[in-house]
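Q: Numbering (the working numbering), first residue to last: 162 to 427.
1. Let me confirm a value: residue 291 is counted as buried when at least 16 other C-beta atoms fall within 10 Å, else exposed. Which label applies?
2. Measure the C-alpha to C-alpha separation of residue 333 and residue 351 and round it to an integer number of angstroms.
3. Taking DSSP's pairing of strands, which residues face residue 385 in a bridge?
4. For a test of the three-state rule: what should DSSP assign to residue 201, helix, strand or coil?
5. Is the beta carbon of residue 231 less than 8 Å from the beta carbon of residue 402?
6. Would you kindly work out how many angstroms separate the C-alpha atoms of residue 201 and residue 264, rounded to a whole number?
7. Would you be able to state if there are at least three C-beta pairs under 8 Å between the stretch 345 to 363 and the stretch 285 to 301?
8. Determine, using beta carbons only, whether residue 218 and residue 396 come nearer to each other than 8 Å.
9. Quick check: what's the CA-CA separation for residue 182 versus residue 266?
10. Nearest CA to the CA of residue 243: which residue from 229, 326, 259, 213?
11. In whole angstroms, what is the alpha-carbon distance linking residue 268 and residue 329?
12. Closest to residue 346 by CA distance: which of 204, 256, 190, 240 is it?
13. Who are the Cβ neighbours of residue 235 in its own chain at under 7 Å, not counting the five residues just before and after it?
14. Residue 317 by DSSP, collapsed to three states: which one?
15. Could you give the DSSP three-state label for residue 394: helix, strand or coil?
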């Protein structure tokens, strides 16, 4: 894993979002291709930048530039006195992306949250080993399989995590990329159609940008999600121009071919 690299890339990307308010399209010269678009399966910063950051949200998030945990898809939460139970109240009215390949029929609910974690916990889940050669490395590295005893649906908009032991960093863990919330309805559709791998190739989330297209080792295209629960982004389109050489990224930046680049030094 490359946590500092991931943090730096995310910070640069976030800065690009914030400073490109007058632009219709933001071009980000990414330093590499994503491993896939299911962030829970991988640990590379290029994957997180292309998936968990623009496409997905988590129950809680880190306040930009800090490690302070703030509400995300959960509008509030309660912690039991013994620190063994965390109850999250899901934010109402959160919509999933409508794309060329999926039209959601409902908003975010507890089923999506439970599915997002159960697929990592339960070896019998159809999506537990749906991508050959990939695993829930980050989830396991954080000892989540040993920590989580159960995940309970209190009601349609409330989920309770019961732990095997009190764990002070649990809330921070829930803001990590592996805790991104995916659509169970979309996953069910893919399972019915025998196309499980599309969850990793054609993502559907609740984040600020919806996925449009990916040309491997070349470009990723997104569009701003008009119904984003936290407000539409000030740009209409986001483009990742995949450019592995730092010197070439710099040339593109100076030529105006991209607006943001990470890692100017090789």
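Where is the CB? At the ideal position from N, CA and C, for every residue including glycine.
A: Once the coordinates are examined:
1. Position 130 of the chain shown, counted from the first residue, corresponds to residue 291. So residue 291 counts as buried.
2. Taking the first residue of the chain shown as 1, we reach residue 333 at position 172. Taking the first residue of the chain shown as 1, we reach residue 351 at position 190. The alpha-carbon atoms of residue 333 and residue 351 are separated by roughly 31 Å.
3. In the chain shown, counting from the first residue as 1, residue 385 sits at position 224. Bridge pairing for residue 385: 370 [DSSP].
4. Your numbering for residue 201 matches position 40 in the chain shown. Here residue 201 carries a helix assignment [DSSP, helix/strand/coil].
5. Looking up residue 231 in the chain shown gives position 70. Looking up residue 402 in the chain shown gives position 241. No, the pair does not count as a contact, with Cβ atoms beyond the cut-off.
6. Translated into the one-based positions of the chain shown, residue 201 becomes position 40. Translated into the one-based positions of the chain shown, residue 264 becomes position 103. The alpha-carbon atoms of residue 201 and residue 264 are separated by roughly 23 Å.
7. yes
8. Here residue 218 is taken as the residue at index 57 of the chain shown, counted from 1. Here residue 396 is taken as the residue at index 235 of the chain shown, counted from 1. The answer is no: Cβ separation not under 8 Å.
9. Locating residue 182 in the chain shown gives position 21, where the first residue counts as 1. Locating residue 266 in the chain shown gives position 105, where the first residue counts as 1. Its pLDDT being 39, under 50, residue 182 is placed unreliably in this model, and the value from its coordinates should be taken loosely. If you take the alpha carbons of residue 182 and residue 266, they lie about 32 Å apart.
10. As a first step, residue 243 is located in the chain shown; it is residue number 82 there, counting from the start. Nearest C-alpha to residue 243: 326.
11. If you number the chain shown from 1, residue 268 lands on position 107. If you number the chain shown from 1, residue 329 lands on position 168. Each residue's alpha carbon lies about 31 Å from the other.
12. Sequence index remark: in the chain shown, residue 346 carries index 185 (1-based). The option with the nearest alpha carbon to residue 346 is 256.
13. Position 74 of the chain shown, counted from the first residue, corresponds to residue 235. Around residue 235, the same chain offers 220, 221, 249, 250, 251, 252 as residues with beta carbons nearer than 7 Å, after the five sequence neighbours per side are excluded.
14. Along the chain shown, read from residue 1 onward, the residue named residue 317 stands at position 156. Coil, per DSSP.
15. To locate residue 394, count along the chain shown from 1; it is residue 233. The answer is coil: DSSP assigns residue 394 none of H, G, I, E or B.
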